[in-house]
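First to last, the protein sequences are chains D and W.
Each position in the first sequence, counted from 1, maps to that position plus 1385 in this note's numbering.
Each position in the second sequence, counted from 1, maps to that position plus 11 in this note's numbering.
Glycine included, C-beta positions come from ideal geometry on N, C-alpha and C.
All values reported here derive from a predicted model rather than from experimental measurement.
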Amino acid sequence: MRITDQVARGAALTIFVDGEPIGGFAGETVAAVMTAAGRRRFRIDAHGCARGLYCNMGTCCECMVRLDDGRGIAVRACLLPAEEGLRIATGQPLS
Amino acid sequence: MGRTDVLIVGGGLVGCATAFHLARAGLSVLVAEAGDVNAVASGQNAGSLHFQMERRFLEQGDAVMAQAARVIRLNRRAIDEWRGLEALLGTPLGVAMNGGLMVAETPEQVDLLDRKARLEEAAGMATRLIDGGQARDRAPYLGPQVAAALWAPDEGHADPKKVTPAFAAAAVHEGARIVSHSPVRGLRKVAGGFEAQCGALHVRADRVVIAAGAWIATIGAMLNLHLPVFPLGLTMNVTERCAPFIPHLVQHVGRRLSMKQAGAGNVLIGGGWPSRLAQRADGTGFDLSRPPAPIAGSIAGNLAAATDIVPRVAGLNLVRTWTGTVAVSSDQLPVVGEVPRMRGVYVAGGGSAFTLGPTFARLLADTIVEGRDAGDLADFSPARYEHLNSFMG
């Protein structure tokens, strides 16, 4: 859900989360795009349980996802600006 | 007024472990902790089990280096102590002892490693100098800059969040009493013993063990004694978790670096980089009640050393930096034993007190219970500060 009244947004874009296209807008973080789309699972913990967005400011690292670009670098979804065509993977085991 | 055989000031690793051994021997023990058990150095350090001579002893010239070789006798005892600790306390402590490497990059550093190895050999510590290729065979994660390493087969790490609480629980199980948020005030010598206010408790004790880490000097001052142990602020860094790839403890002979991978997969990076101790508002000295402030250059320097030696960590996220307060004696050597100027007062601390803490505690408890000669502790007795305390007490 997004506020629509009296809000100026950036250009519409699409990111891919676990291969699934999700719409968002320039200026939003990956965490914001995912949350607006109802995707609440970001990483999995040592016990295999799903973990979700918590501090939303780069401190807790609960929203760690991986760039799905062959390198698999872990990034904090709450700090990563959404870009057109960005591909990320959630719930990945340790690299 | 309560009474106890032994009042232990400080609920850190040394205090809780000493309480365990004393209570097990049948003495009544009260541990007075000013804040929370395991809240300062015992729980803030990175859990290195380093048994080869530490880099900090190599910075001050050959005389200090030779003097520090005496610590190796304690280190050898500590190896056995840690090998048996999980069984002794009956709980997992994250103890991993897969060996450690102290690395060198330059010819000067290789030479220093070589001299260090000979001192260690003379002191009965089995370390082995290997070249860069051999080091990478053993530890493929090491980068091409590593020119040589000193291998110590017993080194490793343990979990500081588990060790002291396990000792505290075991001490309580043996009958010791531990009171938190009970700072010691008005500690004084009285006929035949000592009296102190510990939070709400007024206590009389036959003996006092000062195991207060960075507050050792402050507690000593209450007894009109000089115990020259100084607080230092340090810096630690930790990366995100990743699959196990560093099974060893990694240290550097010429740069401040210690690295290990915790059981959960995080890489812990430290090695003695400073943070800034808080100051009292009125300018009268350090304020140890507040955490030290991080120093950006320490974080950058620490991480640069880490990525130079283990290049793969450059691809990991730094998830947290923290500061901690530790305590080191004026001559860097541990201070463990009875204060000759005031019988019945014992001190334990002064450096390396995670690796050596359980050993300090066992030896000190033996000294107290059996009243015998300190043996392996003789080199570390506070007797060496009697030139200060002959005017005190």
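Taking 9 Å as the threshold (C-beta atoms), are asparagine 86 of chain W and phenylalanine 68 of chain W in contact? Cβ atoms of phenylalanine 68 of chain W and asparagine 86 of chain W: not closer than 9 Å.
Residues sharing a beta bridge with valine 356 of chain W, DSSP: Paired residues: W/Val219.
Whole-angstrom distance between valine 380 of chain W and glycine 355 of chain W, CA atom to CA atom: Approximately 12 Å, taken between the alpha carbons.
In whole angstroms, what separates the C-alpha of glycine 54 of chain W from that of phenylalanine 178 of chain W? Looking at the two C-alpha atoms, the distance is approximately 13 Å.
Measuring CB to CB, does leucine 24 of chain W end up less than 9 Å from valine 195 of chain W? No, they are not a contact pair.
Does any CB atom of chain D fall closer than 9 Å to the CB of asparagine 248 of chain W? Residue contact with chain D for asparagine 248 of chain W: absent (no Cβ-Cβ distance below 9 Å to any residue of chain D).
Run through chain W and tell me which residues come within less than 8 Å of alanine 1431 of chain D, C-beta to C-beta. Close partners of alanine 1431 of chain D in chain W (Cβ separation under 8 Å): Arg252, Ala275, Gly276.
Extent of the continuous beta strand (DSSP E) to which cysteine 209 of chain W belongs: Boundaries of the beta strand (DSSP E) around cysteine 209 of chain W: 204–209.
Can you tell me whether serine 300 of chain W is buried or exposed? The criterion is at least 16 other CB atoms within 10 Å of its CB, across all chains shown. Exposed.
Out of W/Trp226, W/Ala80, W/Met136, W/Pro171, point me to the one whose CA is closest to valine 297 of chain W's CA. The sequence given here places phenylalanine at residue 297 of chain W; valine does not occur at that position. Comparing Cα-Cα distances from phenylalanine 297 of chain W to each of W/Trp226, W/Ala80, W/Met136, W/Pro171, the minimum goes to W/Trp226.
Could you give the C-beta distance for aspartate 148 of chain W and glycine 105 of chain W, rounded to a whole number, given that I count them as a contact under 8 Å? That belief does not hold up - the Cβ atoms of aspartate 148 of chain W and glycine 105 of chain W are roughly 27 Å apart, past 8 Å.
7 Å CB neighbourhood of glycine 1408 of chain D in its chain, flanking five on each side removed: Only Ala1397, Thr1399 meet the Cβ criterion.
Distance between beta carbons of proline 303 of chain W and threonine 334 of chain W, contact taken as under 8 Å: Correct: roughly 4 Å between the Cβ atoms.
Please list, in chain order, the chain D residues whose beta carbon lies closer than 7 Å to that of glycine 58 of chain W. In chain order: nothing, as chain D lies at least about 18 Å away.
Expressed to the nearest angstrom, what Euclidean distance is found between the alpha-carbon atoms of alanine 52 of chain W and alanine 79 of chain W? About 22 Å.
Valine 406 of chain W and isoleucine 221 of chain W look like a contact to me (Cβ under 8 Å); what is the Cβ gap, rounded to whole Å? With chain W covering 12 to 404 only, the question about residue 406 of chain W has no answer from this structure.
Does any CB atom of chain W fall closer than 9 Å to the CB of cysteine 1448 of chain D? Not an interface residue.
C-beta neighbour in chain D for leucine 212 of chain W, strict 9 Å: No, its Cβ sits nowhere closer than 9 Å to a Cβ of chain D.
Once you ignore the five residues that flank tyrosine 1439 of chain D on each side, which residues in its own chain have a CB closer than 8 Å to its CB? Hits under 8 Å: Cys1445, Glu1447, Cys1448.
Output the boundary residues of the beta strand (DSSP E) element that contains tryptophan 162 of chain W. Tryptophan 162 of chain W: member of the beta strand (DSSP E) spanning 159–163, first to last residue.
Could you please give the first and the last residue of the uninterrupted alpha helix (DSSP H) stretch that includes leucine 327 of chain W? Unbroken run through leucine 327 of chain W: none, as it is neither H nor E.
If you reduce the DSSP assignment to three classes, tell me which class phenylalanine 365 of chain W lands in. When secondary structure is reduced to three states using DSSP, phenylalanine 365 of chain W falls in the coil class, being assigned neither helix nor strand.
Can the beta-carbon of alanine 160 of chain W be found less than 9 Å from the beta-carbon of threonine 366 of chain W? Against a cut-off of 9 Å, the Cβ pair of threonine 366 of chain W and alanine 160 of chain W comes out as no contact.
So is isoleucine 1458 of chain D in contact with chain W if we call contact Cβ pairs under 9 Å? Chain W contact via Cβ: present.
Name the chain D residues whose beta carbon is nearer than 7 Å to that of glycine 326 of chain W? By Cβ distance, chain D contributes Ile1458.
Proximity test, Cβ basis, 9 Å: valine 330 of chain W and chain D: When Cβ-Cβ separations below 9 Å define contact, valine 330 of chain W makes contact with chain D.
How do the region 393–400 of chain W and the region 235–254 of chain W stand: do at least 3 beta-carbon pairs fall below 8 Å, yes or no? As far as the Cβ criterion goes, the region 393–400 of chain W touches the region 235–254 of chain W, which means the pair count is three or higher.
At what residue ranges does the region 125–195 of chain W contain a whole run of the alpha helix (DSSP H), taking only runs of 4 or more? Whole alpha helix (DSSP H) segments, 4+ residues: 143–149, 171–184.
Over the uninterrupted beta strand (DSSP E) stretch that includes phenylalanine 31 of chain W, give me the two end residues. Phenylalanine 31 of chain W -> not in any beta strand (DSSP E); alpha helix (DSSP H) instead, spanning 24–35.
Option in W/Gly26, W/Ser392, W/Met113 with minimal Cα separation from alanine 409 of chain W: This structure does not reach residue 409 of chain W, given that chain W is present from 12 up to 404, and the question cannot be answered.
Which two residues bound the contiguous alpha helix (DSSP H) that contains isoleucine 83 of chain W? Note, isoleucine 83 of chain W: alpha helix (DSSP H), 82–94.
Bridge-paired residues (DSSP) for histidine 263 of chain W: Answer by DSSP bridge pairing, in chain order: W/Val114.
Any C-beta of chain W under 9 Å from that of arginine 1461 of chain D: Between arginine 1461 of chain D and chain W, the shortest Cβ-Cβ separation is below 9 Å.
Please say whether alanine 1422 of chain D and valine 1402 of chain D have beta carbons closer to each other than 9 Å? Taking the C-beta atoms as reference points, alanine 1422 of chain D is found nearer than 9 Å to valine 1402 of chain D.
Using 9 Å as the threshold, is the C-beta distance between valine 358 of chain W and proline 322 of chain W below it? Against a cut-off of 9 Å, the Cβ pair of proline 322 of chain W and valine 358 of chain W comes out as no contact.
Going by the DSSP bridge assignment, what does histidine 213 of chain W pair with across the sheet? As computed with DSSP, histidine 213 of chain W is found in a beta bridge with W/Gln208.
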